[in-house]
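Before any comments, here is the structure.
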Amino acid sequence: MSLVLDSSIALAWVYADETTDAVLGLFDDIRINGAWVPGLWRWEIANVLQLNVRRGRHARDFRDGALSSLALLPIKVDAEADRQAWSATLHLAERHGLTVYDASYLEIASRRKIPLATLDWQLRAAAASDGVQLLGA
Numbered sequence: 002m003s004l005v006l007d008s009s010i011a012l013a014w015v016y017a018d019e020t021t022d023a024v025l026g027l028f029d030d031i032r033i034n035g036a037w038v039p040g041l042w043r044w045e046i047a048n049v050l051q052l053n054v055r056r057g058r059h060a061r062d063f064r065d066g067a068l069s070s071l072a073l074l075p076i077k078v079d080a081e082a083d084r085q086a087w088s089a090t091l092h093l094a095e096r097h098g099l100t101v102y103d104a105s106y107l108e109i110a111s112r113r114k115i116p117l118a119t120l121d122w123q124l125r126a127a128a129a130s131d132g133v134q135l136l137g138a
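When you read off a place in the sequence shown, starting at 1, and then add 1, the result is the number in our numbering.
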């Protein structure tokens, strides 16, 4: 099964104190079947890891190791998501009160008809409302 992976799940996998059995199971599946993300996913992950370096949560070595580990996974950027930003994604954001960034994950899952893995409660509510299968909680 392929899925859409949002940054909340990826970061829960990176940070041991946020990891759950459900998150570990998802990453076992991702190692085998891969995942889809919007282009902004890498920016989101890098931003959170860098902010946490600045805040003293962890060192640069931890950040760099986490990014290296994530880079080894078969995660594909959905090129069509970028083309949907000003249309389907924007409409999803408006309808559900999401940021356009978060709506990009929902748009991919809806269009590809695959589950969405997220811990974001607002995104989960929007996906459930649209009949998108949810993973991660």
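Here a beta-carbon is modelled for each residue, glycine too, at the ideal position from N, C-alpha and C.
Proximity winner among the options, relative to residue i (alpha-carbon distances)
i    : options                 : result
S8   : D22, L41, A23 and G26   : L41
G35  : A11, E45 and T100       : A11
E19  : L99, E45 and L120       : L120
W44  : D29, H59, L71 and D30   : L71
K114 : R96, G66, L124 and L135 : L135
G98  : A23, I109, R125 and D83 : R125
V78  : W37, I31, A47 and L68   : W37
R84  : I76, V101 and S69       : V101
S3   : N48, A23 and F28        : F28
I76  : P39, A23 and W122       : P39
Residue i, buried or exposed, once every other Cβ within 10 Å from all chains shown has been counted against 16
i    : result
L93  : buried
S111 : buried
L25  : exposed
S105 : buried
I33  : exposed
L52  : exposed
A17  : exposed
R1   : Because the chain spans 2 through 138 in this model, residue 1 falls outside it and cannot be assessed.
T90  : buried
A82  : buried
A129 : exposed
heavy atom of the ligand COA below 7 Å from residue i C-beta
i   : result
V54 : Among the components modelled here there is no ligand, and therefore nothing to report on the ligand COA.
Nearest-angstrom Cβ-Cβ length linking residue i and residue j, presumed shorter than 8 Å
i    : j    : result
V15  : L117 : Actually they do not touch by this definition, with Cβ atoms about 19 Å apart.
R64  : L50  : 4 Å
A127 : L107 : 6 Å
Whole-angstrom distance between residue j and residue i, CA atom to CA atom
i    : j    : result
T21  : G137 : 9 Å
D103 : R56  : 24 Å
S88  : A60  : 40 Å
I46  : V133 : 23 Å
A86  : A67  : 28 Å
V54  : D30  : 29 Å
D131 : A23  : 22 Å
Ignoring anything shorter than 3 residues, give me the beta strand (DSSP E) runs that lie fully in the stretch 22–74, in order along the chain. 36–38
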